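For reference, the structure discussed in these notes is given below.
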Amino acid sequence: MMKKFIAILLMTLMVCSTATAFTEELELTGTVTATQTVTLSSPASGKIEACSVMPGDHVKAGDVLLSLETVKVYAQEDGIIRTFGWIGDNLDTLTTRYGGVAYLEPEQRYTISASTKNAYSNDDNKRIHPGETVYLRGSSNNALKSLGTVTAVSGTSFTVAVHGNTIPSNTLVYIFRDSTYDASSRIGSGSITQVSATVYTDTGYLVKWHVKSGDFVTEGDLLYEKLEGSFAPGAVNLNQITSEEAGVIVSLATGKGKTVITDEEVIEFYPDAGMRIVVSVPESDLARIEPGTKVQYTLASEDDSAEPLTGTIEKISLLPDADTTYGTTYSVYIIPDKINELKYGMSVTVLIP
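Taking my numbering, I'd label the letters of the sequence shown as residues 82 to 434.
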C-alpha cells in the first residue's frame, strides 16, 4: 500500500514540475531583421537631375527618390497651341504622323513683306527702324486700314507684323509713319499674307504637357518636357523613381549628375512590411512556440523601466540555424505591432509565454 502511495506522489510531483516549467516565460535575445528586399529600376535613360535620399533614410509610399533631367520646350511667340500625343509617346513618331508635336498659331496672324520702292521721295522715309509702329491703308481702297510693327529690316526690304487686321489677305497696302496717312510719311508698300503656324518637331519621348490643345500661350511659356533615350514598358512616372511602399533605403547605385539607362537597377530598400524580429530558439523549446502567439519584447537600448513592446509570432523556420555553438536552434520570426522605435540590426529581449 505504501509503495503505491509513493508512486502516486512521485507522478504528481513530476506533473507539477512540468507545469511549473512551462509557465515560466522563455527569455531570448533577438535582432531586428529585414525579410524582404525591393530593387527599383530607372524607368528611362537620362541624367540624374536630383537625388533626395541616401542610405538609411526612411521613405513613404509615393515619395520621389530620384528624378531624371528633362529637356524643356517653350513657346517662341504668343498664340494658340495645338498639341498631339500623350505622355510616353515617341516624338519622332508623332512628327512623322502629324508633321509635328505641336503647332502654334501666332496671335499676329498676318504679315507684310514690304519694300521702300514706293516710299515718298525722302531719305528719312527709306530709313526703316525695327520696332516702330506703322499705319497701313489699302492701295486701292482708302477705307481698309490697320496698324503694324516693323519686325525686321534688310536693306530696302522690311517686314511688318499686322495687328488687329481688318484688311483681306493678298491686299496691296501702303505703309505710313503718320496716323494721318499723309503721303509724305509713306515709307513703302507690300501685300498682306497670312502667317503659317510654327511647327514644333522633336525627338525623344514626351514626359509631360504643360498646356492643352487650344490654350492661348505667351512667348516663353513652358509647353512640354521630354527625355532622350527610351522607356521601360509600362513606365508611369517617366522622369521619376518613386517608392511604391514605405521602407528604408539600403543602397544607391547612382547619384546626381550620373547617367542611367532604362531598367538599370538604381535603388535597393527594405519595405516596412518585411521588418521582423528574429530569435533563435533551442530545439528543446520548440514545443512552446506557436504561430499567432502574442509576445512582449524590450529594446537593448532602453532601461529596465521601459514599457514592453508587443508583437506576434509569425512562423518557425523549417531549417536549423547555421550557428551550432549552442546546439541546434531554429529561427522564429516575430511581427512587431509597431515599428516606429525599431531600427535594423537592433538587439531586443523577447519574452515568450
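Each residue gets a CB set at the ideal place from its N, CA and C atoms; glycine is no exception. Predicted model, so just to flag it, every value in this text is computed and none were measured.
C-alpha distance - residue i paired with residue j, whole-angstrom precision
i	j	result
residue 203	residue 190	31 Å
residue 139	residue 353	9 Å
residue 187	residue 310	31 Å
residue 405	residue 419	31 Å
residue 389	residue 414	18 Å
residue 303	residue 125	22 Å
residue 263	residue 192	22 Å
residue 247	residue 279	23 Å
residue 275	residue 207	25 Å
residue 176	residue 289	17 Å
residue 411	residue 168	52 Å
residue 147	residue 391	36 Å
residue 249	residue 234	24 Å
residue 424	residue 113	7 Å
residue 103	residue 316	Caution is warranted here: a pLDDT of 48 is assigned to residue 103, below 50, making its placement in the model unreliable, and the coordinate value is therefore given only provisionally. Using only the alpha carbons, I get a separation of about 55 Å.
residue 301	residue 260	32 Å
DSSP state of residue i mapped onto helix, strand, coil
i	result
residue 300	coil
residue 237	coil
residue 216	strand
residue 423	coil
residue 272	strand
residue 430	strand
residue 181	coil
Bridge partners - residue i, DSSP secondary structure assignment
i	result
residue 376	392
residue 148	131 and 321
residue 114	357
Residue i vs residue j beta-carbon contact at 8 Å
i	j	result
residue 170	residue 287	yes
residue 433	residue 357	no
residue 408	residue 372	no
residue 197	residue 164	no
residue 298	residue 160	yes
residue 149	residue 130	yes
residue 245	residue 228	yes
residue 307	residue 271	no
residue 142	residue 324	yes
residue 312	residue 340	no
residue 252	residue 219	yes
residue 268	residue 209	yes
Nearest neighbour of residue i, chosen from the options [CA to CA]
i	options	result
residue 375	137, 395 and 361	395
residue 156	128, 425 and 185	185
residue 427	259, 393 and 378	378
residue 318	355, 241 and 123	123
residue 305	314, 320, 117 and 315	320
residue 266	341, 199, 380 and 327	199
residue 445	239, 429 and 424	Look at the range of the chain in this structure, 82 to 434, and you will see that residue 445 is not part of it.
residue 337	221, 132 and 347	132
residue 194	242, 335, 350 and 365	242
residue 330	106, 105 and 115	115
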